[in-house]
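Numbering (the working numbering), first residue to last: 27 to 313.
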């Protein structure tokens with residue numbers, strides 16, 4: 027059971043990173059970014075291309091790929107998202123959905139639908155003795171780095187002036203504007219940061235998951251459920267719900283395998299019946 031719970035925490039690490047980026051983007055822009063999973067996939071393919079074409083190892087990919095895709099996110103926001111934001115939210119919904127399909131098809135055209143191999147870094151190819159059981163070193167690294175990243179983001183959001191402005195604009199954008207803060211100037215960097223987080227998760231996933239064009243599409247529906255469970259726009263809620271959903275999914279596979287595929291959505295339905303705003307969302311936003 028403990029080993030399966032650890033599996034759940036590792037899986038939850040990816041949910042937490044992706045949900046964190048989605049939550050910040052939604053809170054700041056009010057945009058449901060359906061292309062988020064595609065950028066997660068591009069992060070994994072970025073690591074594969076960096077190794078296959080340029081000989082760059084995993085560590086360099088982890089440093090270079092997320093910022094590069096973050097810059098692509100900045101360009102995307104300036105050219106398209108910003109123009110559609112004043113319109114009905116359905117326009118951005120459809121745009122990001124279409125963008126996800128385009129990115130997937132472009133990768134399919136170049137690399138096909140088969141999974142591409144990506145080796146684990148040699149330094150993390152062994153196992154770690156956790157006392158009651160041994161566990162692959164790379165998965166331990168993924169969990170540790172994901173927790174550190176989430177904690178670092180939380181500290182920036184809560185301990186710095188810039189972070190407090192971003193958090194306020196994410197959770198109460200109208201009130202933040204009413205206080206005279208120019209929320210618009212933070213929109214572009216926040217969107218790019220959210221995309222970079224998705225790419226960071228993709229690079230981490232490359233050595234342990236199948237690198238293929240549909241890997242983001244397979245994950246993004248669950249990530250949206252995580253964001254809803256945690257509370258739309260709640261940064262802390264997204265991270266907490268990400269790890270919780272990972273645990274629930276892993277233990278569900280162990281004890282109720284017949285329901286393992288839908289357990290997350292059952293949990294989401296229960297949470298919404300109890301708290302329509304999600305576990306950490308603001309109830310007044312739904313009145």
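Even glycine gets a Cβ: it sits at the ideal position worked out from N, Cα and C.
No experiment lies behind these values; they were computed from the predicted model shown.
Does DSSP put residue 155 in a helix, in a strand, or in coil?
strand
Using only the alpha-carbon positions, how far apart do residue 296 and residue 183 sit?
Approximately 30 Å, taken between the alpha carbons.
Grab the span of the alpha helix (DSSP H) containing residue 162 for me, first residue to last.
Counting along the chain, residue 162 falls outside any alpha helix (DSSP H), though it belongs to the beta strand (DSSP E) covering 160-162.
Measuring CA to CA, which of 177, 169, 215 is closest to residue 33?
169
Would you mind reading off the limits of the alpha helix (DSSP H) that contains residue 211?
210-231
Would you call the segment 257-275 and the segment 113-133 in contact, with 3 or more CB pairs under 8 Å?
no
Mind checking whether residue 223 and residue 47 have CB atoms under 7 Å apart?
yes
With H, G and I counted as helix, E and B as strand and the rest as coil, what does DSSP make of residue 237?
strand
Am I right that residue 142 and residue 74 are in contact with their C-beta atoms under 8 Å? What's the rounded C-beta distance?
At roughly 5 Å, the Cβ-Cβ gap stays under 8 Å, so residue 142 and residue 74 are in contact.
Give the secondary structure of residue 130 by DSSP, where H, G and I count as helix, E and B as strand, and everything else as coil.
helix
Is the beta carbon of residue 49 sitting closer than 7 Å to the one on residue 253?
yes
Among 275, 299, 153, 282, which one has its Cα closest to the Cα of residue 290?
275
Could you check if residue 43 is buried or exposed, using at least 16 other CB atoms within 10 Å of its CB as the buried criterion?
buried
Hey, would you say residue 243 sits closer than 7 Å to residue 63, going by beta carbons?
yes
Helix, strand or coil, according to DSSP, for residue 142 in the structure here?
strand
Quick check on residue 261: does DSSP put it in helix, strand or coil?
The three-state secondary structure of residue 261, taken from DSSP, is helix.
Going by the CB atoms, is the gap between residue 229 and residue 69 shorter than 7 Å?
yes
Smallest Cα separation from residue 31: which of 278, 285, 246, 288?
278
Specify the secondary structure class of residue 79 as computed by DSSP and reduced to three states.
helix
Less than 7 Å separating the beta-carbons of residue 233 and residue 144?
yes
Among the residues of its own chain, which have a CB less than 6 Å from the CB of residue 294, if the five just before and after it don't count?
251, 254, 255
Buried or exposed for residue 83, please, with buried defined as at least 16 other CB atoms from any protein chain shown within 10 angstroms of its CB.
exposed
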